[in-house]
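Position 18, counted from 1, in the sequence shown is what the numbering used here calls 25; the numbers after and before it change by one each time, with no gaps. Ideal placement from N, C-alpha and C gives every residue a C-beta, glycine not left out.
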Amino acid sequence: MQRLAPPHRRLAIGLAGLAGFVDGVGFLAAGGYFVSFMSGNTTRLAVDLATAPRTALLPAALLLGFAAGVFCGAVVALRSGAWQARNVLVLVTALLAVGAAAQFAGRTPVVLGSLVLAMGALNNCFQREGESSFGLTYMTGALVRFGQGLAYRLCGREAPGFAALLLLWAALGGGAILGASAYAKFASASVTLAATLALAALVAAVLAGPDPRDQA
8 MQRLAPPHRR LAIGLAGLAG FVDGVGFLAA GGYFVSFMSG NTTRLAVDLA
58 TAPRTALLPA ALLLGFAAGV FCGAVVALRS GAWQARNVLV LVTALLAVGA
108 AAQFAGRTPV VLGSLVLAMG ALNNCFQREG ESSFGLTYMT GALVRFGQGL
158 AYRLCGREAP GFAALLLLWA ALGGGAILGA SAYAKFASAS VTLAATLALA
208 ALVAAVLAGP DPRDQA
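See below:
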């Protein structure tokens, strides 16, 4: 993350907040399953298979949907060059808009499908050499790197940018609080709020300009 230009670094933190917001909404809408945290869904799938196999369909569908979203986002990113964040966010915003319409229509399966596809795609905003530079919808790796960076600093070694990873985690957590609150207070409009936030992020990506790492 430290290799990003300042505008793109701020955008990444904002996108982590968006991911947290969507996951907070999705967690409540799905009855305790996740739309962005697939490690959690993997554990839920395993537990459901062991204890109540009929309930395993939902986490399995969410896992497949997330992978499909990653695939679609990766295709967009690979064809976008230095504008991958902008173009991936067009896809994310469109998916969340579909989810918002489905929420008003009372189509919960479509809502969850749209959310999980959007969150999978979101992780491709800062793709480098065919891989995501860092996760936007999951923070285990960020916390590991933060802990390692802290250890390096305490041992007198350099660890540039490690503190920024904690900001990503805080943004995701804060976003989840806002998302859960939005669902509790404005359930039928909560995905509309998420789509609005994604649109704001898209505008921010346009203003941030192309990623200089991908410019010749």
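Report task. Taking T100 and L200 to be in contact with their CB atoms under 8 Å, please state how far apart those CB atoms are, rounded to whole angstroms. Result -> The pair is not a contact, with the Cβ atoms about 13 Å apart (cut-off 8 Å).
**Report entry** Own chain residues within Cβ distance below 6 Å of R16, not counting five before or after
**Finding:** none
Requested in this report: Give every residue of the same chain whose Cβ lies closer than 6 Å to the Cβ of Y190, excluding the five residues on either side of it in the sequence, and list them in chain order.
Outcome: V32, L35 and S197
Requested in this report: Mind checking which residues open and close the alpha helix (DSSP H) that includes P116?
Outcome: T115 to L129
Query raised in the report: If you draw a straight line from the C-alpha of D218 to the C-alpha of A59, how long is it?
Result: Whole-angstrom Cα-Cα distance: 47 Å.
Query raised in the report: Closest to L209 by CA distance: which of G142, W90, S195 and Y145 is it?
Result: W90
Query raised in the report: Are the CB atoms of T144 and A67 nearer to each other than 7 Å?
Result: no
Report task. Give me the Cβ distance between L173 and F193, rounded to the nearest whole Å; I'm assuming they're in contact under 8 Å. Result -> At roughly 30 Å, the Cβ-Cβ gap does not stay under 8 Å, so L173 and F193 are not in contact.
Query raised in the report: Excluding sequence positions up to five away, which residues of its chain have a Cβ less than 8 Å from the Cβ of F44?
Result: Answer for F44: D30, T144 and Y145, listed in chain order.
Requested in this report: Report the rounded CA-to-CA distance for D55 versus A12, giving the unit in angstroms.
Outcome: 43 Å
Query raised in the report: Between G127 and V118, is the Cβ-Cβ spacing less than 7 Å?
Result: no
Query raised in the report: Rounded to the nearest angstrom, how far is the Cβ of G80 from that of N130, given a contact under 8 Å?
Result: Their Cβ separation, rounded to whole angstroms, is 7 Å, which keeps G80 and N130 in contact under 8 Å.
Query - Anticipated Cβ contact below 8 Å, A211 with G21, distance rounded - result: 6 Å
Query raised in the report: Terminal residues of the continuous alpha helix (DSSP H) containing V54?
Result: M45 to T58
Query raised in the report: How about G186 and F41: do their beta carbons lie closer than 7 Å?
Result: no
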